[in-house]
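These notes are about the structure you will find just below.
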Amino acid sequence: MSLKILFEDEYFLAAEKPAGLPSQPTVDKRRPDFFTQLKKQLREERGADFYLGLHHRLDRDTSGVMIFTKNKIANEPLAEMFKKHLIQKTYLCLTALKKCPDQWEVKNHLAEVRDPVLKKIKMKSVRSGGDKAHTLFRKLKTFKKGLLIEAKPLSGRMHQIRVHLAEAGLGIFGDDIYPSPKTPAAPRLMLHALRLEFTHPFSNEPIMIESPLPADLKEMEKTLS
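Residue 67 in full-length UniProt numbering sits at position 67 of the sequence shown, with consecutive numbering throughout.
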């Protein structure tokens, strides 16, 4: 499987992460991951060990844009941009069908809890404690059996978009951790990291990197129509 490069300059490289691959190496060293496969592909194509700095991640079943540093000079600026939320992230997702505003936002606090049934750590909104979480949502399309929603997280909590939608009754198709009652099965989590936007820390140029909607989400749209 050839991984698609979406953007590259002297300092940064962005590539399209497919669904089903963890972003980075896991405890199971035999398990393939996106970061390792991308480094291997670049090394084979360019004939040298290729430096990649990892600064963020996507959930295993989320597809879309990931950006890396190409040298150590770029590490601190990129880390600082992520820390200060200077990189605007835009996601698309297919959700359960429910009446909702054309635009809305969720601001609350999220905390980790252990699900006794799934035996996994998950996130939940809490009235006190936890970490601040803020997401902007926009309804893009209404299908007969679901919605296409744009999400822009303004904070970086684990599973933030998934929790905010699920707790509003708008569970993302294929989400087995945060399902809604009317969320049908799907081949995978129907969540895609569509776009990253930021001001380049070295050139001050505006940068926008997009990953086209993948085939499985397009196919799911047809199913919902």
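C-beta atoms are modelled at their ideal positions from N, C-alpha and C, and glycine is treated no differently.
Check your understanding: Which runs of the alpha helix (DSSP H) fall wholly inside the UniProt domain "Pseudouridine synthase RsuA/RluA-like" (12 to 166) and span at least 4 residues, in chain order?
Key -> For the UniProt domain "Pseudouridine synthase RsuA/RluA-like" (12 to 166), whole alpha helix (DSSP H) runs of length 4 or above, ordered along the chain, are 34 to 46, 75 to 83, 160 to 166.
Review point. Does DSSP put residue 297 in a helix, in a strand, or in coil?
Key: The first residue shown for the chain is 1 and the last is 225, placing residue 297 beyond what the model contains.
Review point. Taking 7 Å as the cut-off, does the CB of Ala-168 come closer than this to any heavy atom belonging to the ligand MG?
Key: For the ligand MG, the structure offers nothing, since it holds no ligand at all.
Review point. Terminal residues of the continuous alpha helix (DSSP H) containing Leu-6?
Key: Per DSSP, Leu-6 is not a residue of any alpha helix (DSSP H); the beta strand (DSSP E) it occupies stretches across 5 to 8.
Practice item. Please report how far the alpha carbon of Gly-156 lies from the alpha carbon of Ile-87, in whole angstroms. Key: When rounded, the separation of the alpha-carbon atoms in Gly-156 and Ile-87 is 11 Å.
Check your understanding: With burial defined as no fewer than 16 other Cβ atoms inside 10 Å of the residue's Cβ, what is the status of Val-65: buried or exposed?
Key -> Buried: at least 16 other Cβ atoms inside 10 Å.
Check your understanding: Thinking just about the alpha-carbon of each residue, which of His-109, Met-220, Leu-196, Ala-186 is nearest to the one in His-164?
Key -> Per the C-alpha coordinates, the member of His-109, Met-220, Leu-196, Ala-186 positioned closest to His-164 is His-109.
Exercise for review: Taking only the alpha-carbon atoms, compute the straight-line gap between Lys-17 and Phe-35 and give it to the nearest angstrom.
Suggested key: Rounded to whole angstroms, Lys-17 to Phe-35 spans 9 Å at the Cα level.
Point to revise | Check whether Ile-67 and Leu-196 have beta carbons under 8 Å apart | key: Their beta carbons are under 8 Å apart, which means Ile-67 touches Leu-196 by this criterion.
Check your understanding: Pick from Lys-141, Arg-188, Met-158, Lys-107: whose alpha carbon is nearest that of Ser-225?
Key -> Comparing Cα-Cα distances from Ser-225 to each of Lys-141, Arg-188, Met-158, Lys-107, the minimum goes to Lys-141.
**Study point:** Cβ contact check for the region 91 to 101 and the region 129 to 147: 3 or more pairs under 8 Å
**Key:** Counting Cβ pairs under 8 Å, three or more are found: they touch.
Practice item. Between the Cα of Glu-221 and those of Ile-149, Gln-160, Thr-90, Ile-207, spot the shortest distance and give me the residue it belongs to. Key: Considering only Ile-149, Gln-160, Thr-90, Ile-207, the residue with the shortest C-alpha distance to Glu-221 is Ile-149.
Exercise for review: Would you decide whether residue 242 is buried or exposed? Buried here means 16 or more other CB atoms lie within 10 Å of its CB.
Suggested key: For the chain, the structure presents residues 1 to 225; residue 242 sits outside this window and is missing.
Check your understanding: In the structure shown, what three-state DSSP assignment does Leu-213 receive?
Key -> Note: Leu-213 maps to coil in three-state DSSP.
**Study point:** Proximal residues to Pro-22 (C-beta, below 6 Å), its chain only, five neighbours per side dropped
**Key:** In chain order, Asp-33, Arg-60 place their CB closer than 6 Å to the CB of Pro-22, counting only its own chain and leaving out the 5 sequence neighbours on each side.
Review point. Exposed or buried, what is Ile-73 when buried is set at 16 or more other beta-carbons lying within 10 Å of its beta-carbon?
Key: Result: exposed.
Review point. How many angstroms separate the CA atom of Glu-205 from the CA atom of Ser-128?
Key: Glu-205 and Ser-128: Cα-Cα distance of roughly 40 Å.
Check your understanding: Pick from Pro-116, Ala-111, Val-117, Phe-50: whose alpha carbon is nearest that of Lys-132?
Key -> Out of Pro-116, Ala-111, Val-117, Phe-50, Ala-111 has the C-alpha closest to the C-alpha of Lys-132.
**Study point:** Residue closest to Arg-138, alpha-carbon to alpha-carbon, out of Ile-161, Lys-124, Val-126
**Key:** It is Ile-161.
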